[in-house]
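J.:
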Amino acid sequence: MEKDAPALVELKGVNKHFGDLHVLQDVDLTVRKGEVLVVIGPSGSGKSTLCRAINRLETIDDGEIVIDGKPLPAEGRALARLRADVGMVFQSFNLFAHKTVLDNVTLGPRKVRGVPKKDAEEEALALLDRVGVKNQAHKMPAQLSGGQQQRVAIARALAMHPKVMLFDEPTSALDPEMVNEVLDAMVALAKEGMTMIVVTHEMGFARKAADRVVFMADGQIVEQADPDTFFTAPKSDRAKDFLSKIL
Ligand code: ADP
Ligand code: MG
910 MEKDAPALVE
920 LKGVNKHFGD
930 LHVLQDVDLT
940 VRKGEVLVVI
950 GPSGSGKSTL
960 CRAINRLETI
970 DDGEIVIDGK
980 PLPAEGRALA
990 RLRADVGMVF
1000 QSFNLFAHKT
1010 VLDNVTLGPR
1020 KVRGVPKKDA
1030 EEEALALLDR
1040 VGVKNQAHKM
1050 PAQLSGGQQQ
1060 RVAIARALAM
1070 HPKVMLFDEP
1080 TSALDPEMVN
1090 EVLDAMVALA
1100 KEGMTMIVVT
1110 HEMGFARKAA
1120 DRVVFMADGQ
1130 IVEQADPDTF
1140 FTAPKSDRAK
1150 DFLSKIL
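Numbering-wise (my numbering), the sequence shown opens with residue 910 and increments by one.
1. Tell me which same chain residues have a C-beta within less than 7 Å of the C-beta of Asp970, skipping the five on either side of it?
2. Counting Cβ pairs, one atom from each stretch, are 3 or more of them under 8 Å apart for the segment 1091 to 1103 and the segment 1017 to 1030?
3. My output table needs one value for Arg1060: the three-state DSSP class, helix, strand or coil.
4. If distances are taken between C-alpha atoms only, which option among Asp1077, His1070, Pro951, Glu1111 comes closest to Gly1088?
5. Where do the ends of the alpha helix (DSSP H) carrying Phe1114 lie?
6. The ligand MG and Ser957: does the residue's C-beta get closer than 7 Å to at least one heavy atom of that ligand?
7. Could you tell me the boundaries of the alpha helix (DSSP H) in which Lys1154 lies?
8. Can you tell me where the beta strand (DSSP E) holding Met1105 begins and where it ends?
9. State yes or no: is the C-beta of Gly955 within less than 8 Å of the C-beta of Gly1128?
10. Hey, Leu1075 and Gly996: beta-carbon distance below 8 Å or not?
11. Any idea if Asn1013 is buried or exposed, counting beta-carbon neighbours within 10 angstroms, 16 or more meaning buried?
12. Would you kindly work out how many angstroms separate the C-alpha atoms of Ala1051 and Leu938, rounded to a whole number?
13. Relative to the C-alpha of Asp935, which candidate in Pro951, Ile974, Ala914 has its C-alpha closest?
14. Using a Cβ-based criterion (distance less than 7 Å to any ligand heavy atom), does Val1122 qualify as near the ligand ADP?
15. Using DSSP with H/G/I as helix, E/B as strand and the rest coil, what is Pro1143?
16. Using the three-state DSSP reduction, which class does Asp1084 fall into: helix, strand or coil?
17. Going by C-alpha to C-alpha distance, which of Asp1028, Lys1100, Ala1148 sits closest to Val910?
18. Taking the alpha helix (DSSP H) that Ala1028 falls in, what are its first and last residues?
19. Within the present structure, is the beta-carbon of Leu1083 separated from the nearest heavy atom of the ligand ADP by less than 7 Å?
20. Could you compute how far the alpha carbon of Asp1135 sits from the alpha carbon of Val1107?
21. Per DSSP, which one or two residues make a beta bridge with His926?
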């Protein structure tokens, strides 16, 4: 990340409830252009809700979310455009099962951005090549391993030319031997300067790629620091307790 890079994602006083559950509590967070932010925390702490709020898969009760200087619109065309700025990769691969890999990657650009088929396919093949699955382009998702499917999901998100990529536990549904091929693709993306928010418990990835680690518990950001500081000298008891369980 460049020094003094501008803010790309800003959350200001964000609150979200599910009934009585206060799942995001006064969350303030700024992610700068080119920054790689790793979000960790116990299950149920609100990490997925945070990601989903950033691309409006969840509404928020109050506060503000600003992407590249523009407040998140509530609905309509503006929301579709803004969502295209925010690429998302989930734990489950979410590929369209009845479409080829190539169609999965070209569908968004063709439908949302109006890219001609030939151009969309050319770019899709380049993206699939980048994540190492170009030779799977004409297969159906079910014919691919989990690690390959997840890399297709990354290529599909990149095809929309997002300004920021959100990853919500992208490797936690994978067999162990496939975790690294997905993390390697993410590290490469980080090195290319992509702005990334990554929810993961993969500490190797955090140490290698993160500019900053944010620790969440009970809907709050409890502490944040560069990975070295956070992993070697966590301040809060919650973070110490959490790290003692996963490291
Ligand atoms: P994390 O990703 O950190 O595990 P989540 O953001 O998924 O946490 O969930 C935070 C809390 O909100 C959990 O207690 C979860 O059960 C609850 N929750 C998440 N989504 C919903 C929903 N759609 N309706 C009700 N409760 C929800
Ligand atoms: Mg989650």
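Heads up, the beta-carbon is just placed ideally off N, CA and C, and yes, glycines get one too. Because the structure is a prediction, the values reported are computed rather than measured.
T.: Quick look at the numbers:
1. Asn924, Lys925, His926
2. No, they do not touch.
3. helix
4. According to the sequence displayed, residue 1088 carries Val and not Gly. Comparing Cα-Cα distances from Val1088 to each of Asp1077, His1070, Pro951, Glu1111, the minimum goes to Glu1111.
5. 1112 to 1118
6. True, at least one ligand heavy atom lies under 7 Å from that Cβ.
7. 1146 to 1155
8. 1104 to 1108
9. yes
10. The answer is yes: Cβ separation under 8 Å.
11. Taking a 10 Å sphere around the C-beta of Asn1013, we find 16 or more other C-beta atoms and assign the residue as buried.
12. Each residue's CA atom was taken as its position, placing Ala1051 and Leu938 some 38 Å apart.
13. Among Pro951, Ile974, Ala914, the Cα nearest to that of Asp935 is on Ile974.
14. no
15. The answer is coil: DSSP assigns Pro1143 none of H, G, I, E or B.
16. coil
17. The sequence given here has Met at residue 910, not Val. Cα-wise, what sits closest to Met910 is Lys1100.
18. At residue 1028 the sequence reads Asp, which differs from the Ala that was named. Taken as a continuous stretch (DSSP letters only), the alpha helix (DSSP H) holding Asp1028 covers 1026 to 1039.
19. no
20. 14 Å
21. His931
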